[in-house]
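See structure below.
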Amino acid sequence: MEINVKDLTELGGAAAQIIKSYPQNRIFLFYGAMGAGKTTLINELCQQLGVKDHTSSPTFSIVNEYASDHGPIFHFDFYRLKSEAEAFDFGYEEYFYSGNYCFVEWPEKIPNLLPHDAIKITITVPDFQSRIIAIEKN
């Protein structure tokens with residue numbers, strides 16, 4: 038599936054389409070260059086799922102937890118990880134296999150630890166305002 042977003046204000050609609058298209062999936066992996074809009078799209082997904090709290094990138098904490106209408110949502114940013122062992126150290130398995138939504142930025146840092154049934158979302162930036170969001174089963 039591919040979603041073309043002509044303007045960043047359309048990300049809410051893209052997020053709604055993603056949630057509707059993958060109602061049984063809970064692990065979403067976000068790929069894209071720095072500044073492509075991974076965190077912004079995750080914020081929109083969280084709003085679609087009923088998160089009332091402020092959401093932000095967990096760059097320094099590695100994982101943020103948000104309360105939602107669908108239970109806890111976990112937002113990961115693995116950018117700063119130096120090895121997969123660091124993911125083991127904070128117990129990534131408890132999050133990934135909890136049955137709760139997990140939104141993962143920079144999953145390429147832990148390629149051997151990713152669940153096989155995760156949804157892969159790749160964001161490309163053709164110009165300043167538009168985004169191409171490609172979605173596929175991992």
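Residue numbering for the sequence shown follows the working numbering, beginning at 38 and increasing consecutively. Heads up, the beta-carbon is just placed ideally off N, CA and C, and yes, glycines get one too.
At least 3 beta-carbon pairs within less than 8 Å: the stretch 152–172 vs the stretch 114–128: Put simply, the stretch 152–172 does not touch the stretch 114–128. Fewer than three CB pairs are less than 8 Å apart.
Local conformation of A51 per DSSP, three classes: Here A51 sits in helix by DSSP.
Cβ neighbours of G72 in the same chain (closer than 8 Å, five flanking residues each side left out): Apart from the 5 residues on each side of it in sequence, G72 sits with its Cβ closer than 8 Å to the Cβ of V162 in its chain, given in chain order.
Cβ-based neighbour list, T76, same chain, cut-off 6 Å, excluding 5 preceding and 5 following: Excluding its 5 nearest sequence neighbours in each direction, T76 has C-beta neighbours in its own chain below 6 Å: S94, listed in chain order.
Residue of Q85, K146, Q166 and E173 minimising C-alpha distance to Y138: Y138 has its Cα closest to that of Q85, out of Q85, K146, Q166 and E173.
Alpha-carbon spacing of L109 relative to N80, whole angstroms: What sits at residue 109 in the sequence shown is Pro, not Leu. Between P109 and N80, the C-alpha separation is close to 14 Å.
C-beta atoms of K146 and F115 nearer than 8 Å: Yes. Within cutoff.
Those runs of the alpha helix (DSSP H) which lie wholly inside the stretch 94–159 and span at least 4 residues: Qualifying alpha helix (DSSP H) stretches, in chain order: 121–126 and 129–133.
Backbone secondary structure at N80 - three-state DSSP: Residue state, collapsed to three classes: helix.
Short Cβ contact (8 Å threshold) for S105 with C83: Going by C-beta atoms, S105 is nearer than 8 Å to C83.
P144 classed as buried or exposed, judged by whether at least 16 other C-beta atoms fall within 10 angstroms: With a threshold of 16 other beta carbon atoms within 10 Å, P144 meets it and is buried.
C-beta contact flag for I55 and I172 at 8 Å: The answer is yes: Cβ separation under 8 Å.
DSSP state of T92 mapped onto helix, strand, coil: The three-state reading of DSSP puts T92 in coil, since its state is none of H, G, I, E or B.
Y68 - partner residues in DSSP beta bridges: Residue pairing for Y68: DSSP places it in a beta bridge opposite T159.
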